[in-house]
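Peer 1:
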Amino acid sequence: MTLYFLVKYLHVIGAIVILGTGAGIAFFMLMAHRSRDAAFIARTAETVVIADMLFTLTAVLLQPVSGGVLMWLSSTAWSERWLMASLGLYAVAGLFWVPVIFMQIEMRDLARKAAEQNLELPSRYFALFHRWFWFGIPGFGSVMTILWLMIAKPL
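FYI, in the numbering used here the residues of the sequence shown are 4 to 158.
Have a look at this one:
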């Protein structure tokens with residue numbers, strides 16, 4: 004096994020973690036939201052926030068490192084169009100993902116408070132969920148496109 008193969012393997016694992024965690028978080032948050040059960044939403048959002056911090060953040064921080072090592076090992080130029088497009092999309096994904104973390108934390112806190120006080124979920128929760136949902140489309144879509152660019156290198 005070469006160093007290049009090992010780093011490429013780790014890079015692909017990182018992409019899988021980002022996509023898998025993102026898809027899982029989206030599914031579980033959507034299912035909890037559909038229940039309208041504040042306690043269930045609070046517990047789900049609590050787990051989602053932990054998963055985002057533990058898995059997604061770790062992979063997001065390591066992807067540029069492994070990608071940079073792959074570039075160096077393969078003598079890939081920064082001017083490669085597929086790479087420039089991937090890096091631009093990585094920034095787009097980050098611009099949508101970072102606010103989502105704060106939305107998830109606030110939705111968790113709002114649901115927790117509603118459950119503790121035996122109240123309905125406040126309108127702020129629903130506004131946050133709506134924004135969270137729409138932020139996921141360009142965020143997750145960017146990651147899917149990056150994966151395609153890494154594999155196909157069409158540009």
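Backbone N, C-alpha and C fix where the C-beta goes; we use that ideal spot for every residue, glycine too.
Roughly how many whole angstroms lie between the Cα atoms of H14 and M110?
Peer 2: For H14 and M110, the distance between alpha carbons rounds to 32 Å.
Peer 1: Under the assumption that A130 contacts A41 (Cβ atoms under 8 Å), give the Cβ distance between them as a whole number of angstroms.
Peer 2: Contact doesn't hold; Cβ gap of about 16 Å is too wide.
Peer 1: Please work out which residues of its chain come closer than 6 Å, Cβ to Cβ, to A62, disregarding the five sequence neighbours upstream and downstream, and give them in chain order.
Peer 2: Excluding positions up to five away in sequence, the list reads G17, V20 and I21.
Peer 1: Apart from the five residues just before and just after T59, which ones in its own chain have a Cβ nearer than 8 Å to its Cβ?
Peer 2: So the qualifying residues of the chain are V20, I21, T24, G25, I28 and W100.
Peer 1: Taking the C-alpha atoms as reference points, what is the distance between L65 and T50?
Peer 2: Cα-Cα distance, rounded: 22 Å.
Peer 1: Taking the alpha carbon of I149 as the reference point, which residue from G71, K11, T79 and M87 has its own alpha carbon closest?
Peer 2: Nearest option by C-alpha distance: M87.
Peer 1: For my contact list, P141 and V95 are in at a C-beta cut-off of 8 Å; report their separation, rounded to the angstrom.
Peer 2: Correct: roughly 6 Å between the Cβ atoms.
Peer 1: On the three-state DSSP scale, how would you describe D55?
Peer 2: It is helical.
Peer 1: Which two residues bound the contiguous alpha helix (DSSP H) that contains E119?
Peer 2: R84 to E119 is the span of the alpha helix (DSSP H), which, as asked, contains E119.
Peer 1: Below 7 Å CB to CB, which residues in the same chain sit around L76 once its five sequence neighbours on both sides are set aside?
Peer 2: Correct list, in chain order: L6, Y7 and V10.
Peer 1: Grab me the residues of A155's own chain with a C-beta within less than 8 Å of its C-beta, minus the 5 sequence neighbours each way, in chain order.
Peer 2: Hits under 8 Å: W85.
Peer 1: Does DSSP put K156 in a helix, in a strand, or in coil?
Peer 2: Of the three classes helix, strand and coil, the one that applies to K156 here is coil, per DSSP.
Peer 1: Got a sec, what are the start and stop residues for the alpha helix (DSSP H) W75 sits in?
Peer 2: First-last of the alpha helix (DSSP H) with W75: L60 to S77.
Peer 1: If you draw a straight line from the alpha carbon of L124 to that of L73, how long is it in whole angstroms?
Peer 2: Distance between the alpha carbons of L124 and L73: 47 Å.
Peer 1: Apply the 10 Å Cβ neighbour rule to Q107 and answer buried if 16 or more other Cβ atoms are within range, or exposed otherwise.
Peer 2: It counts as buried.
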